[in-house]
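Asker: Pasting a structure here, questions to come.
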Amino acid sequence: MATEFSHEANQSPATAERRAEILANPGFGDYFSDHMVTIDWEGDYKTGGTWYDARVHPYGPLTLDPASAVFHYGQEIFEGVKGYRHADGSVWTFRPEKNAERFARSAHRLSLPEMPADLFIESLRELVKADEAWVPTGDGEAFYFRPFMIATEAYLGVRPAKHVQYHVIGSPAGNYFGTPEPVDIWLSTTYARAGEGGTGAAKCGGNYAASMIAQIEGEKHGCKQVIFKDPHRGDAIEELGGMNVFFVFGKENKIVTPELTGTILEGVTRSSLIQLAKDRGMTVEERAITLNEWREGVANGDITEVFACGTAAVVAPIGKLKAEDFEIPAPTEHFGEISKSLREELVGIQLGTVEDRHGWMTRLI
Ligand code: COI
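Numbering-wise (the numbering used here), the sequence shown opens with residue 457 and increments by one.
Here is the structure:
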């Protein structure tokens with residue numbers, strides 16, 4: 457049975473002028489729409505529990521007990537999903553069931569309750585119904601949903617919390633990096649994002665917290681993102697602080713991306729690009745790709761493009777790789793043909809201008 461959401465309208469929403477000003481230049485993650493969604497859960501992680509009190513209410517601060525487990529043991533997970541405005545005014549989202557599945561896998565890893573996929577998708581629909589006016593129409597823009605779950609039980613013993621809250625907030629979003637130009641990235645040799653048996657495949661705040669110190673190191677060297685490698689697997693490349701990575705071998709009509717080892721996040725954009733590339737008859741390899749292969753591939757011209765991908769970043773070209781004592785230059789065609797055309801096809805499907813032959817789109821309103 458569909459969950460009933462209660463509704464409390466925001467009595468002081470942003471004015472139409474303020475909203476228009478924000479939508480004219482949304483950036484990424486700076487502004488939030490007038491409402492949010494909250495659903496509570498109570499129960500026992502091992503035996504089950506109940507989701508209740510689903511509500512759409514004004515966006516605003518949360519009041520939480522300072523003993524809430526999330527503040528102490530970091531029981532938290534999140535997702536990133538986008539809503540796209542189509543030419544006829546309708547709003548659609550892309551493969552939300554994939555995000556719902558990953559949210560459930562992340563929940564399992566963090567001993568949080570698994571939310572049913574239909575409730576997850578319904579929560580997105582409820583938010584965008586309330587805040588439809590916040591969905592941008594500009595090129596490359598979307599309404600970014602940020603669903604997240606936190607352990608709210610006030611208890612300091614270390615065990616899965618018996619009270620949990622799920623929220624969704626929404627933010628109009630433009631280009632993640634603020635530029636379509638290739639971004640240089642920093643290779644972290646001091647820090648790891650994830651380890652075997654750890655939480656690398658889960659979308660939990662802790663992974664991102666652990667990546668920030670390396671990102672700061674990168675920023676000091678003029679890099680906007682950091683990339684991690686696994687020294688135990690011959691310096692195999694893993695992923696960026698918040699995105700997956702692809703290498704284009706142009707002459708071979710091939711793309712290569714690190715395989716999912718349990719320490720890498722299974723990106724929805726990643727798996728969609730793999731499918732689109734296969735549809736074009738390209739060779740796709742999910743395998744270990746090492747720093748040496750990257751260095752040599754760029755030097756001998758086999759690697760013609762490198763790009764990052766994710767819901768927020770879509771497909772973003774990577775320029776140089778910088779490290780403490782060496783650099784790998786940008787491939788000759790650093791945002792070349794293949795990444796550009798994969799991006800165009802993907803964005804076209806999302807915006808409804810390219811045929812959705814895999815049935816990836818779900819209409820929200
Ligand atoms: C996303 O791509 O949606 C993410 O959650 C990554 C983050 C860097 C914004």
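Every residue gets a Cβ at the ideal spot worked out from N, C-alpha and C, and that includes glycine.
1) What first and last residue would you give for the beta strand (DSSP E) that runs through Leu802?
2) Looking at the structure shown, is Tyr622 part of a helix, part of a strand, or coil, going by DSSP?
3) Please find out if some non-hydrogen atom of the ligand COI comes closer than 7 angstroms to the beta-carbon of Ala769.
4) Per DSSP, Leu696 forms a beta bridge with which residues?
5) In its own chain, which residues sit with a C-beta less than 8 angstroms from the C-beta of Lys710, not counting the 5 before and 5 after it?
6) Does the Cβ of Glu532 have 16 or more other Cβ atoms within 10 Å, making it buried, or fewer, making it exposed?
7) Beta strand (DSSP E) containing Met605: first to last residue?
8) Compute the Euclidean distance between the alpha carbons of Ser546 and Leu820, then round it to the nearest angstrom.
9) Check for me: the beta strand (DSSP E) holding Tyr540 runs from which residue to which?
10) Identify every residue that forms a DSSP beta bridge with Gly766.
11) Using the Cβ count rule (16 or more neighbours within 10 Å means buried), how would you classify Gln621?
12) If you measure from the CB of Gly536, is any heavy atom of the ligand COI nearer than 7 angstroms?
13) Using a Cβ-Cβ cutoff of less than 7 angstroms, which residues in the same chain neighbour Pro787 once the five nearest sequence positions on both sides are dropped?
14) Regarding Gly483 and the ligand COI, is the C-beta to nearest heavy atom distance less than 7 angstroms?
15) By how many angstroms is the C-alpha of Thr494 removed from the C-alpha of Glu789?
16) If contact is defined by three or more beta carbon pairs under 8 angstroms, each pair taking one atom from either stretch, is the stretch 635-642 in contact with the stretch 536-556?
17) Please identify the residue among Ile693, His814, Gly815 and Thr809 whose C-alpha is closest to the C-alpha of Ile595.
18) Using 8 angstroms for Cβ pairs, my map puts Glu801 next to Leu732. What's the rounded Cβ distance?
19) Measure the CB-CB distance between Trp507 and Leu575 and report whether it falls below 8 angstroms.
20) Please classify Leu732: does DSSP put it in a helix, a strand, or coil?
21) For Asn756 and Leu747, what's the separation of their Cα atoms in angstroms?
22) Does the distance from the C-beta atom of Pro714 to that of Ile730 stay below 8 angstroms?
23) Can you tell me where the alpha helix (DSSP H) holding Pro638 begins and where it ends?
24) With C-beta atoms as the reference, is Asp587 less than 8 angstroms away from His491?
25) Does the count of Cβ pairs from the stretch 479-488 and the stretch 620-634 closer than 8 angstroms reach three?
26) Which residues does DSSP list as the beta-bridge partners of Met492?
27) Please classify Ala665: is it buried, with 16 or more other beta-carbons within 10 angstroms of its beta-carbon, or exposed?
28) Are the beta-carbon atoms belonging to Phe488 and Lys659 less than 8 angstroms from one another?
29) From what residue to what residue does the beta strand (DSSP E) around Phe484 run?
30) Which residue from Gly690, Val803 and Gly653 puts its Cα closest to that of Ile745?
31) Does Ala472 come out as helix, strand or coil in the three-state DSSP assignment?
32) Cβ of Gly718 within 8 angstroms of Cβ of Gly766?
33) Could you tell me the boundaries of the beta strand (DSSP E) in which Phe449 lies?
Answerer: Looking at the coordinates:
1) No beta strand (DSSP E) contains Leu802, which is instead part of the alpha helix (DSSP H) from Glu793 to Leu807.
2) Look at Tyr622 here: in three-state DSSP terms it is strand.
3) Yes, since a heavy atom of the ligand COI falls inside the 7 angstroms radius drawn around the Cβ of Ala769.
4) Under DSSP, Leu696 takes part in a beta bridge, and its partners are Ile683.
5) Result list for Lys710: Val704, Met738, Thr739, Val740 and Glu741, in chain order.
6) buried
7) Ala598 to Ala607
8) 8 angstroms
9) Val537 to Arg541
10) Val770
11) buried
12) yes
13) Excluding residues within five positions, the ones whose Cβ falls inside 7 angstroms are Val754, Ile759, Thr760, Glu761 and Val762.
14) no
15) 46 angstroms
16) No: the two stretches stay apart, fewer than three of their Cβ pairs being nearer than 8 angstroms.
17) A small correction: the amino acid at residue 595 is Asp; Ile does not occupy that position in the sequence shown. Answer by Cα proximity: Thr809.
18) 6 angstroms
19) yes
20) helix
21) Cα-Cα distance, rounded: 14 angstroms.
22) no
23) Looking at the DSSP string, Pro638 is not in any alpha helix (DSSP H), and its letter there is neither H nor E.
24) yes
25) The stretch 479-488, when compared against the stretch 620-634, does touch it at the 8 angstroms Cβ threshold.
26) His513
27) exposed
28) no
29) From DSSP, Phe484 is part of no beta strand (DSSP E); its letter is neither H nor E.
30) Measuring from the Cα of Ile745, the nearest candidate turns out to be Gly690.
31) helix
32) no
33) This structure leaves residue 449 out entirely; the chain is present only between 457 and 821.
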